[in-house]
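Notes follow once the structure below has been shown.
6 protein chains.
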Amino acid sequence: MFRLGLINPNTDPIHTSSMRDVALETLPDGCEVTGVAPERGPTAIESEADLAVAALGVVRLVRSLPGQDAYLIACFGDPGLDAAREVTDVPVIGMAEAAYKAATLVAKRFGIVTTLPRGIPALEEGLDRYGVRSRCVAIAPLLIPVGEQGSHNPDTTDAIIETGRRIVAEQGAETLILACGGMADVAVRVSEEVGVPVCDGVAFGTMLAYSLWRCGLRTGKSGAYGWPEPIAYTGMPGYGD
Amino acid sequence: MFRLGLINPNTDPIHTSSMRDVALETLPDGCEVTGVAPERGPTAIESEADLAVAALGVVRLVRSLPGQDAYLIACFGDPGLDAAREVTDVPVIGMAEAAYKAATLVAKRFGIVTTLPRGIPALEEGLDRYGVRSRCVAIAPLLIPVGEQGSHNPDTTDAIIETGRRIVAEQGAETLILACGGMADVAVRVSEEVGVPVCDGVAFGTMLAYSLWRCGLRTGKSGAYGWPEPIAYTGMPGYGD
Amino acid sequence: MFRLGLINPNTDPIHTSSMRDVALETLPDGCEVTGVAPERGPTAIESEADLAVAALGVVRLVRSLPGQDAYLIACFGDPGLDAAREVTDVPVIGMAEAAYKAATLVAKRFGIVTTLPRGIPALEEGLDRYGVRSRCVAIAPLLIPVGEQGSHNPDTTDAIIETGRRIVAEQGAETLILACGGMADVAVRVSEEVGVPVCDGVAFGTMLAYSLWRCGLRTGKSGAYGWPEPIAYTGMPGYGD
Amino acid sequence: MFRLGLINPNTDPIHTSSMRDVALETLPDGCEVTGVAPERGPTAIESEADLAVAALGVVRLVRSLPGQDAYLIACFGDPGLDAAREVTDVPVIGMAEAAYKAATLVAKRFGIVTTLPRGIPALEEGLDRYGVRSRCVAIAPLLIPVGEQGSHNPDTTDAIIETGRRIVAEQGAETLILACGGMADVAVRVSEEVGVPVCDGVAFGTMLAYSLWRCGLRTGKSGAYGWPEPIAYTGMPGYGD
Amino acid sequence: MFRLGLINPNTDPIHTSSMRDVALETLPDGCEVTGVAPERGPTAIESEADLAVAALGVVRLVRSLPGQDAYLIACFGDPGLDAAREVTDVPVIGMAEAAYKAATLVAKRFGIVTTLPRGIPALEEGLDRYGVRSRCVAIAPLLIPVGEQGSHNPDTTDAIIETGRRIVAEQGAETLILACGGMADVAVRVSEEVGVPVCDGVAFGTMLAYSLWRCGLRTGKSGAYGWPEPIAYTGMPGYGD
Amino acid sequence: MFRLGLINPNTDPIHTSSMRDVALETLPDGCEVTGVAPERGPTAIESEADLAVAALGVVRLVRSLPGQDAYLIACFGDPGLDAAREVTDVPVIGMAEAAYKAATLVAKRFGIVTTLPRGIPALEEGLDRYGVRSRCVAIAPLLIPVGEQGSHNPDTTDAIIETGRRIVAEQGAETLILACGGMADVAVRVSEEVGVPVCDGVAFGTMLAYSLWRCGLRTGKSGAYGWPEPIAYTGMPGYGD
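Chains A, B, C, D, E and F, in that order, are what the protein sequence lines are.
Here my numbering is used: the first residue of the first sequence is 129, the next is one more, and so on.
Here my numbering is used: the first residue of the second sequence is 129, the next is one more, and so on.
Here my numbering is used: the first residue of the third sequence is 129, the next is one more, and so on.
Here my numbering is used: the first residue of the fourth sequence is 129, the next is one more, and so on.
Here my numbering is used: the first residue of the fifth sequence is 129, the next is one more, and so on.
Here my numbering is used: the first residue of the sixth sequence is 129, the next is one more, and so on.
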């Protein structure tokens with residue numbers, strides 16, 4: 129039986145539970161998903177400062193939730209991904225990484241729908257880091273903050289559909305990525321309306337974690353992702369506490 | 129119930145059945161794997177000329193095996209991958225693509241063990257095309273032809289282990305990829321002996337296919353992977369026949 | 129006396145003879161051009177599936193037409209180029225590769241006029257593979273299928289001219305490439321009307337083949353382009369038959 | 129009068145004061161340098177987990193130390209750099225970024241001396257992010273932990289000199305970068321012994337901060353580095369507290 | 129006391145003195161700036177042919193102006209930069225290189241305002257060479273020749289402001305670079321009007337030169353920038369005469 | 129009848145005449161080659177300073193030798209190539225560019241034999257600029273100055289052969305490039321001894337020039353290579369005088 133630790137890096141419990149539901153529905157029967165979120169931190173993640181807080185929260189959540197077969201970091205910024213891979217030896221998947229891997233399996237060219245223009249350079253850096261920059265034909269901001277995403281904001285859904293249609297028609301996007309965990313629950317409707325596959329990093333990231341587990345693949349610990357060196361900490365027990 | 133069409137691009141029936149076994153063992157219970165191979169073609173694939181024959185064989189096998197939920201092309205050259213994605217709308221996964229996606233999830237840097245030096249430039253072009261060139265620290269040829277790979281050639285397995293150990297120790301590979309379908313059945317032993325994860329594209333490619341299916345993701349047909357244009361053919365009914 | 133094997137990868141005899149004429153006119157006096165096309169295959173090449181059929185056809189044509197000093201593959205997809213270089217030791221030139229080499233000799237930035245939008249990602253992959261992506265400022269599709277290209281379709285020629293003018297004026301293209309063998313015979317007229325050089329891969333590819341021959345340069349056989357390994361084939365004599 | 133906030137991301141007070149001394153000596157007379165370090169956190173930074181703790185510490189130190197004309201983050205991992213640039217509008221400089229900018233001004237090719245092999249992939253990612261990967265000919269690990277760096281460890285200094293000599297002679301490094309704040313105080317001696325310039329990110333980063341200030345240049349706040357969005361925080365006042 | 133040799137590669141004495149003023153104002157008190165320009169050469173630099181003349185002029189000026197602590201080449205084409213670094217061992221800074229280094233310290237994404245469209249490919253090659261191509265979101269030509277730049281041409285300043293506003297609003301430029309020494313004296317006004325930092329390579333390049341000097345960093349002479357080989361010259365004493 | 133202006137950028141008359149002989153022998157009968165060299169300048173080109181002198185010499189030679197159908201710049205540094213393309217509208221070919229184009233037509237991977245290690249970074253920049261960096265597996269310096277190259281220095285030829293053999297065997301070079309005009313006359317012998325094609329930029333560049341002429345292709349003058357802007361010159365008539 130596969131046990132997934134789904135880590136919501138923000139503190140919004142609605143996000144935690146709706147993403148846990150997506151993960152559970154996607155997995156085959158008999159798997160277990162534990163959704164967790166930090167006690168302290170931002171209710172949504174829009175800036176690099178929010179990400180810095182969230183990254184540390186992710187590391188601590190991984191340390192505080194043992195006994196999992198894999199972890200999913202369910203925020204499109206993939207906060208704390210490299211650090212989380214150091215502090216456990218089971219697989220850790222980032223939601224953005226997962227969405228890009230899905231998109232490059234079903235299409236040559238993808239487009240990204242995001243929230244605010246200020247996040248575009250960070251998305252582009254992620255495209256470079258994940259080796260998919262030449263596969264992305266558009267990053268289109270909705271100009272709507274994270275807090276107003278999700279299926280309970282029908283106007284936002286309409287804006288996503290309209291934006292998606294535009295980058296499919298004008299830029300040649302063959303699939304769409306919704307660059308926000310808060311958009312996950314509208315992916316199916318956007319796909320139906322726009323007529324292209326919509327890659328959701330929560331669902332596909334869940335399946336990547338499951339896939340590694342089925343293959344017996346764990347994080348390589350001989351190099352970059354080795355257990356952290358035993359550094360002394362001042363004023364706190366260590367990174368995980 | 130998930131049905132996978134596992135396509136062995138060479139004509140060696142032992143490869144077909146051993147790779148089918150790997151796929152079946154990796155999938156959860158209740159899935160179905162149909163292994164097929166071309167009636168005519170090379171018994172092993174070492175050259176671009178062999179790949180050209182194999183690529184057309186793959187397209188025809190996909191057309192001749194309907195009713196699948198996804199296809200896996202089980203040769204590290206990923207022959208016919210783009211064409212196969214055109215001629216069906218269910219997902220098609222390439223074995224090399226799958227191995228690279230696994231490796232980049234469990235490690236920062238991977239090393240490849242391959243058969244002959246002549247294949248290195250083609251592997252490097254694949255690394256570029258899949259966006260993972262900077263993640264690869266070594267491509268080490270065994271100098272042993274494809275025909276002598278597999279668990280029934282213990283000397284070859286020893287050579288793989290020795291080569292793997294070397295690129296882990298000297299080049300900093302944190303995980304290994306065995307760039308030949310014929311090496312799939314020794315992956316577990318190599319991993320145990322070398323002490324790093326070994327990413328097998330047959331097993332992980334099977335799971336990627338399953339994962340896309342669980343997520344309801346099919347190949348985008350609005351652009352590069354659209355159904356082929358209705359071109360008239362001379363002397364043959366069409367590409368699929 | 130230089131003998132060129134001009135290989136038309138599609139089965140349209142008008143293409144074969146018009147491209148042979150272009151090659152003959154471009155070469156100095158006393159050279160010989162043999163134009164050949166597959167007996168079986170697509171009448172035009174628009175999809176990856178068509179390319180897979182064509183690639184194998186090219187390999188077989190090279191094997192069936194000995195005694196040449198060089199070969200030219202006269203389709204912008206360069207089908208079977210790497211395989212063809214394995215199965216002979218005289219030079220083999222691809223038409224797209226030739227056009228890009230011409231364009232980068234006469235201009236800093238080029239623009240491509242192509243047929244359908246679905247082909248753009250494959251063109252971009254070719255730009256990457258040939259190392260000229262940063263030199264290309266536009267890929268403009270005419271939205272007209274291959275079958276309606278050529279000087280006997282005056283409306284298509286007008287569309288090429290209009291599209292060419294636009295990418296020269298708006299994107300800064302300093303030379304144009306017509307990404308279809310079927311457009312070769314309108315290159316001169318487009319150049320006159322648009323006022324920039326138009327690089328035709330058939331004419332320049334012919335001259336690259338001649339140039340290598342004059343320099344005594346043949347394909348290097350010590351590595352990637354070595355003669356194919358002697359693999360056993362099932363149900364057919366080998367790749368070339 | 130220029131006031132620099134020098135932020136040591138680890139908690140080692142000897143590092144803080146020795147790096148403050150370097151900054152003061154490098155600046156022209158009459159400048160002020162305030163050295164600060166987090167109260168809680170790692171005494172040295174070797175892993176991504178340490179960096180996650182340090183990054184948040186840096187953001188908080190910037191917020192807690194107003195009235196500066198610029199900040200320098202004095203750890204080679206540049207922890208929290210993007211976030212720090214959001215939470216202030218005076219310039220923030222990273223030590224690695226500074227070292228790379230110095231090296232590319234005095235040489236075509238540089239080599240890096242670092243502590244442990246596990247950090248090499250993260251250094252390479254930094255080279256990519258800062259656009260200097262093709263300028264780096266070697267990353268040579270000393271196999272000596274951060275804690276044993278500095279002028280009070282003469283054996284370490286000898287190892288740095290020997291390693292530096294090797295990458296100058298064998299890889300063609302024309303200048304050296306010491307990838308650790310703890311190595312800053314031996315830069316001059318290494319330069320004298322090896323005979324090439326040694327670029328220290330603390331000294332040059334201090335001068336970059338001063339230079340931006342002299343030019344009246346502040347961080348652009350209209351895009352990626354804009355003030356953080358006003359996100360509600362749970363269980364804590366905000367990122368800066 | 130720091131002595132800067134400011135080299136104006138064109139022969140326009142107004143440029144020389146206005147750029148010298150910018151350098152003097154930017155440096156702390158007590159520094160010395162000697163502005164020089166070639167006796168023979170173009171009054172402005174717009175073409176590669178002009179640059180070829182200017183490059184040789186720069187080499188000769190460096191040789192003819194000894195006793196400096198650093199040199200600044202004050203033309204955005206950075207003519208003769210590599211050669212100048214060979215013929216002296218004190219630092220030599222290029223104005224474009226300096227502007228790019230400033231821009232990447234204060235913003236993720238910059239935009240360039242230039243004079244004529246013909247110069248765009250050369251600017252793009254510079255972006256590649258300096259490793260900052262992915263940081264540049266726009267190169268916008270004013271369609272106004274170099275000769276009409278500067279604060280004494282108010283219409284040009286208005287055009288710069290309008291162009292700058294457009295690329296900030298539409299392309300997401302977070303800072304601007306004015307790609308012409310002749311625009312240096314309007315940088316402050318453009319910054320005020322457009323509301324983003326404007327990076328001037330004359331001012332910041334002056335400070336980079338000063339910074340290297342404060343750090344005791346000189347050009348590495350062990351490799352690419354080594355003193356020129358002692359080649360015999362025909363008809364002239366050598367490169368510097 | 130094709131007339132080639134062969135421009136030797138150094139002042140060594142033996143180089144001029146031996147390269148003219150290579151060009152004449154490579155061209156078909158009835159072509160004319162005029163070899164020219166600057167009256168003043170370096171006798172060999174080893175440094176960027178030499179290149180700066182040579183570049184201006186090339187521009188002037190092109191202007192002083194009208195009536196040609198194309199020009200070849202016969203020095204591996206391609207000095208003045210962009211400027212030369214501005215000041216004429218017939219094709220101008222660089223010797224390095226030509227060698228790279230030949231090598232990428234006959235092999236996947238090439239190796240370069242050069243003179244001194246100091247030139248390696250400049251060669252690498254050229255590889256980037258011409259888009260062929262990933263095709264180059266080795267740049268091996270002979271440690272022998274340009275002045276001692278050529279068939280009249282048998283020891284140098286032996287060193288070239290030995291170095292070539294090494295990079296073929298150890299790095300997988302499938303063809304060799306001799307990065308010095310002075311090595312042109314030993315290319316055939318090196319090829320025979322090492323057993324791989326050796327691409328000589330003088331011979332192949334001559335043929336590229338001829339090929340463009342046969343195709344009626346001239347340099348595009350609408351953008352980067354447009355005629356120079358009419359800039360006033362001080363103390364000299366213009367760039368060409």
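Glycine included, each C-beta is placed from N, C-alpha and C at the ideal position.
- For Thr242 of chain A, the beta-bridge partners assigned by DSSP are A:Pro269.
- Comparing C-alpha distances from Asn281 of chain A to each of A:Ala360, A:Met311, A:Thr291, A:Arg294 shows the shortest one belongs to A:Met311.
- DSSP lists no bridge partner for Pro356 of chain D.
- Taking a contact to require three or more Cβ pairs closer than 8 Å, the segment 144-164 of chain B and the segment 328-344 of chain C do not qualify as touching.
- When DSSP states are grouped into helix, strand and coil, Gly169 of chain A belongs to the strand group.
- Straight across, the Cα-Cα distance linking Thr139 of chain A with Ala172 of chain E is about 60 Å.
- Look at Ala202 of chain E: its C-beta is not under 8 Å from any C-beta on chain D.
- By the Cβ neighbour-count rule, Pro358 of chain F is exposed, with fewer than 16 other Cβ atoms within 10 Å of its own.
- Around the CB of Leu304 of chain C, 16 or more other CB atoms lie within 10 Å, so the residue is classed as buried.
- For Leu184 of chain A and Pro269 of chain A, the gap between their C-alpha atoms comes out near 27 Å.
- At least one beta carbon of chain C lies nearer than 8 Å to the beta carbon of Pro245 of chain E.
- Close partners of Thr347 of chain F in chain E (Cβ separation under 9 Å) are lacking, with about 12 Å as the shortest Cβ gap.
- Its chain contains Asp217, Trp355 as the residues whose beta carbon lies nearer than 7 Å to that of Lys349 of chain A, once the 5 sequence neighbours on both sides are disregarded; these appear in chain order.
- The beta-carbon separation of Glu214 of chain B and Tyr361 of chain B, rounded to 15 Å, does not stay under the 8 Å limit for a contact.
- The beta-carbon separation of Met129 of chain D and Glu160 of chain D, rounded to 6 Å, stays under the 8 Å limit for a contact.
- Its Cα nearest to that of Arg131 of chain A, the residue A:Thr162 stands out among A:Arg188, A:Thr162, A:Gly366, A:Asp328.
- Between Cys327 of chain D and chain E, the shortest Cβ-Cβ separation is below 8 Å.
- Counted as a single uninterrupted DSSP element, the alpha helix (DSSP H) harbouring Arg257 of chain B occupies residues 248-257.
- Around the C-beta of Ser192 of chain C, fewer than 16 other C-beta atoms lie within 10 Å, and the residue is accordingly described as exposed.
- Of all residues in the segment 140-166 of chain F, none places a beta-carbon less than 9 Å from a beta-carbon of chain B.
- Taking 8 Å as the cut-off, the Cβ atoms of Tyr199 of chain A and Ile135 of chain A count as close.
- Nearest CB-CB separation between Val234 of chain B and chain A: below the 8 Å threshold.
- With fewer than 16 other CB atoms across the displayed protein chains lying within 10 angstroms of its CB, Asp369 of chain E is exposed.
- With the criterion set as a beta carbon lying under 7 Å from some beta carbon of chain E, the segment 173-207 of chain A has no members that meet it.
- Rounded to whole angstroms, the Cβ separation of Val190 of chain B and Val330 of chain B is 17 Å, and the two are not in contact under 8 Å.
- Per DSSP, reduced to three states, the secondary structure at Ala198 of chain B is strand.
- Contact check for Ile221 of chain A and Gly344 of chain A: beta-carbon distance about 16 Å, past the 8 Å limit, so the pair fails to qualify.
- Between Glu320 of chain D and the set D:Ile201, D:Pro194, D:Glu298, D:Gly292, the nearest pair of CA atoms involves D:Gly292.
- At least one CB atom of chain B sits nearer than 8 Å to the CB of Arg237 of chain F.
- Secondary structure of Val234 of chain F (DSSP, three-state): helix.
- Val215 of chain E reaches chain F at Ala177, counting residues in chain order whose Cβ is nearer than 7 Å.
- A Cβ-Cβ separation of about 5 Å places Ala211 of chain E in contact with Val187 of chain E under the 8 Å criterion.
- If you compare the alpha carbons of E:Gly363, E:Thr347, E:Arg342 with that of Asp157 of chain D, the shortest gap goes to E:Arg342.
- If you draw a straight line from the Cα of Asp256 of chain B to the Cα of Val181 of chain D, it is about 35 Å long.
- Here Leu271 of chain B is exposed: its Cβ has fewer than 16 other Cβ atoms, across all protein chains shown, within 10 Å.
- Less than 8 Å separates the beta-carbon of Ala307 of chain D from that of Leu251 of chain D.
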